[in-house]
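Plus 12 on top of the position in the sequence shown (first one is 1) and you've got our numbering.
The structure under discussion appears below in the form of structure tokens.
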Amino acid sequence: MTSNEERATSDETVGTIIDMHLHTTRGASDSDLRPEHLVVEARRVGLTGVHVSEHDRLWDAFELERFRKAHSDLFIANGMEVSTDLGHILVIGLDRYVPGIRRAEELRRVVQETGGYMIAAHPFRHFFDPVHFRPDKSGEPFSLTPDQAARLPVFQLVDAVEVLNGCNTLRENLFALRVAQVLGKPGTGGSDAHSALGIGVFATVFEKELESQEEMLAQLHAGRFHAAHGLREGALTRFTETSFDLLAGRQGEAAKG
Ligand SMILES: [Zn+2]
Ligand SMILES: [Zn+2]
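Here it is, written out as structure tokens:
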């Protein structure tokens with residue numbers, strides 16, 4: 013396996029490489045991914061960290077500590093994917109589920125108090141589907157420009173945008189990237205894997221080697237990270253507009269995440 017330094021492109025430092033969006037059997041009834049399999053597969057594909065983001069709950073603190081000790085070679089973070097009235101939001105820095113955070117504005121208030129961090133998860137999933145499949149049932153094809161979409165309420169509340177999600181289409185991800193650029197907010201990458209398949213297909217590359225979840229939070233707030241693809245192919249690449257051709261050939265693989 014190549015070292016992180018060798019993987020880095022010339023102008024970028026690569027610290028911890030984290031799949032920022034993962035569900036395990038410990039938190040999601042729709043997941044097949046046992047935590048023990050997660051760490052094995054994470055190491056195999058070259059991740060140096062994982063961020064477990066169960067739906068609306070955190071792991072038990074004691075269990076988390078035990079899991080971290082058993083797998084101390086990997087950086088293991090535990091946040092939440094909170095279901096809100098404005099869609100799913102990845103949250104780092106809450107120590108428990110707080111009543112009321114189903115309202116995204118209340119979530120923002122609570123996260124603000126704790127110094128946490130919010131990421132709009134897969135914000136445009138299904139937005140380009142034929143109208144009868146779309147979740148909002150508006151009956152209208154999605155026609156917003158990135159500038160217009162950037163004014164949607166959810167983006168006024170979050171710190172960052174998940175621009176690479178392994179369960180999204182490339183078109184959905186690219187649109188999220190463009191909206192993040194309009195907003196001037198950073199982007200994260202994660203597989204959204206519910207099984208061992210697709211872990212690490214997308215990742216978030218931190219500039220620093222992270223030692224603790226507090227440090228991860230500080231680096232998030234400092235914006236010292238970016239979304240990347242290609243880890244599993246040994247060609248870690250920052251996600252940009254020019255990723256389109258590279259990823260188009262791998263769309264089928266990415267969609268399995
Ligand atoms: Zn989600
Ligand atoms: Zn998810």
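We treat Cβ as the ideally placed atom computed from N, Cα and C, and that holds for glycine.
Model, not experiment: these values are computed from the prediction.
Practice problem: Please check the pair V175 and G201, which I expect to be a contact at CB under 8 Å, by giving their CB distance rounded to whole angstroms. | Solution: Translated into positions along the sequence shown, residue 175 becomes position 163. Translated into positions along the sequence shown, residue 201 becomes position 189. At roughly 7 Å, the Cβ-Cβ gap stays under 8 Å, so V175 and G201 are in contact.
Practice problem: Give the range of the alpha helix (DSSP H) segment to which A234 is assigned. | Solution: By 1-based counting over the sequence shown, the position of residue 234 is 222. It spans Q225 to A234 - the alpha helix (DSSP H) in which A234 sits, taken as one unbroken run.
Practice problem: Examine ligand 2 and report whether any of its heavy atoms sits within less than 7 Å of the Cβ of D204. | Solution: On the sequence shown, position 192 is the one that residue 204 refers to. D204 Cβ: within cutoff of ligand 2.
Practice problem: Please determine, among R80, M130 and T181, the residue with the shortest C-alpha to C-alpha distance to R137. | Solution: Residue 137 sits at position 125 when you count from the first residue of the sequence shown. Of the candidates R80, M130 and T181, the one whose C-alpha sits nearest the C-alpha of R137 is T181.
Quiz prompt | In chain order, each alpha helix (DSSP H) run of at least 4 residues that lies wholly inside the stretch 24-95 | solution = 47-57 and 73-82
Quiz item: Per DSSP, E174 is paired with what?
Solution: Counting from 1 along the sequence shown, the entry for residue 174 is found at position 162. In the DSSP output, where bridge partners are listed per residue, E174 has T200.
Quiz item: Are A240 and R250 touching if we call contact CB-CB under 8 Å?
Solution: Here residue 240 refers to the residue found at position 228 when the sequence shown is read from its first residue. Here residue 250 refers to the residue found at position 238 when the sequence shown is read from its first residue. Yes, Cβ-Cβ distance for A240 and R250 is below 8 Å.
Quiz item: Okay, do the stretch 229-245 and the stretch 160-168 touch, 3+ Cβ pairs below 8 Å being the bar?
Solution: no
Quiz prompt | Cα-Cα separation, S43 to D257 | solution = Taking the sequence shown and counting its residues from 1, one reaches residue 43 at position 31. Taking the sequence shown and counting its residues from 1, one reaches residue 257 at position 245. Taking the straight line from one Cα to the other gives about 31 Å.
Quiz prompt | Euclidean distance between Cα positions of M130 and V51 | solution = By one-based count along the sequence shown, residue 130 stands at place 118. By one-based count along the sequence shown, residue 51 stands at place 39. Computed Cα separation, rounded: 25 Å.
Self-check item: P47 versus P165: straight-line alpha-carbon distance, rounded
Solution: For this step, residue 47 is matched to residue 35 along the sequence shown. For this step, residue 165 is matched to residue 153 along the sequence shown. If you take the alpha carbons of P47 and P165, they lie about 35 Å apart.
Quiz prompt | S2 Cβ short of 7 Å to ligand 2 heavy atom set | solution = Outside the displayed range of the chain (13 to 269) lies residue 2, so it cannot be described from this structure.
Practice problem: On the DSSP bridge assignment, give the partners of F214 in chain order. | Solution: Position 202 of the sequence shown, counted from the first residue, corresponds to residue 214. Its beta-bridge partners are H241.
Self-check item: Pair within 8 Å by beta-carbon distance, G199 and A172
Solution: Working through the sequence shown from its first residue, we reach residue 199 at position 187. Working through the sequence shown from its first residue, we reach residue 172 at position 160. Taking 8 Å as the Cβ cut-off, G199 and A172 qualify as a contacting pair.
Practice problem: Taking only the alpha-carbon atoms, compute the straight-line gap between I30 and F154 and give it to the nearest angstrom. | Solution: One-based indexing of the sequence shown puts residue 30 at position 18. One-based indexing of the sequence shown puts residue 154 at position 142. Rounded to whole angstroms, I30 to F154 spans 32 Å at the Cα level.
Self-check item: Same chain, Cβ closer than 8 Å to E117, five either side skipped, listed in chain order
Solution: Position 105 of the sequence shown holds residue 117. In its chain, beyond the 5 residues on either side, L169 have a beta carbon closer than 8 Å to the beta carbon of E117.
Exercise. Throw me the rounded Cβ distance for the N185 and D204 pair, which I believe falls under 8 Å.
Key: As a position in the sequence shown, residue 185 is number 173, starting the count at 1. As a position in the sequence shown, residue 204 is number 192, starting the count at 1. With a beta-carbon spacing of about 11 Å, N185 and D204 fall beyond the 8 Å limit used to define contacts.
Quiz prompt | Euclidean distance between Cα positions of V123 and I88 | solution = Stepping through the sequence shown from its first residue, residue 123 is reached at position 111. Stepping through the sequence shown from its first residue, residue 88 is reached at position 76. Their backbone Cα atoms lie some 21 Å apart in a straight line.
Self-check item: Between the CA atoms of F79 and W71 - distance to the nearest angstrom
Solution: Locating residue 71 in the sequence shown gives position 59, counting from the first residue. Locating residue 79 in the sequence shown gives position 67, counting from the first residue. Roughly 10 Å between the two C-alpha positions.
Quiz prompt | Host beta strand (DSSP E) of V103 (start-end) | solution = Stepping through the sequence shown from its first residue, residue 103 is reached at position 91. Run containing V103: G99 to I104, per the beta strand (DSSP E) assignment.
Exercise. Sort out for me which residues DSSP pairs Y129 with in a bridge.
Key: Looking up residue 129 in the sequence shown gives position 117. Answer by DSSP bridge pairing, in chain order: I104.
Quiz item: Mapping DSSP to helix, strand and coil, what is R250?
Solution: Start at 1 with the first residue of the sequence shown, and residue 250 comes out as number 238. Looking at R250 - three-state DSSP - the assignment turns out to be strand.
Quiz item: By Cβ distance below 6 Å, which residues in the same chain neighbour A188 in space, the five residues on each side in sequence not counted?
Solution: Numbered from 1 along the sequence shown, position 176 holds the residue referred to as residue 188. Result list for A188: P135, F136, V173 and V175, in chain order.
Quiz item: Got a sec: does ligand 1 put a non-hydrogen atom nearer than 7 Å to the Cβ of H138?
Solution: Locating residue 138 in the sequence shown gives position 126, counting from the first residue. Answer for H138: no, Cβ out of range of ligand 1.
Self-check item: Beta-carbon proximity check, L102 vs G61, cutoff 8 Å
Solution: Here residue 102 refers to the residue found at position 90 of the sequence shown. Here residue 61 refers to the residue found at position 49 of the sequence shown. No, the pair does not count as a contact, with Cβ atoms beyond the cut-off.
Quiz prompt | R108 beta carbon less than 8 Å from that of E66 | solution = Counting from one through the sequence shown, the residue named residue 66 turns up at place 54. Counting from one through the sequence shown, the residue named residue 108 turns up at place 96. Cβ atoms of E66 and R108: not closer than 8 Å.
Quiz item: For A205, which beta-bridge partners are listed by DSSP?
Solution: For the purposes of this step, residue 205 is identified with residue 193 of the sequence shown, where counting begins at 1. Answer by DSSP bridge pairing, in chain order: L34.
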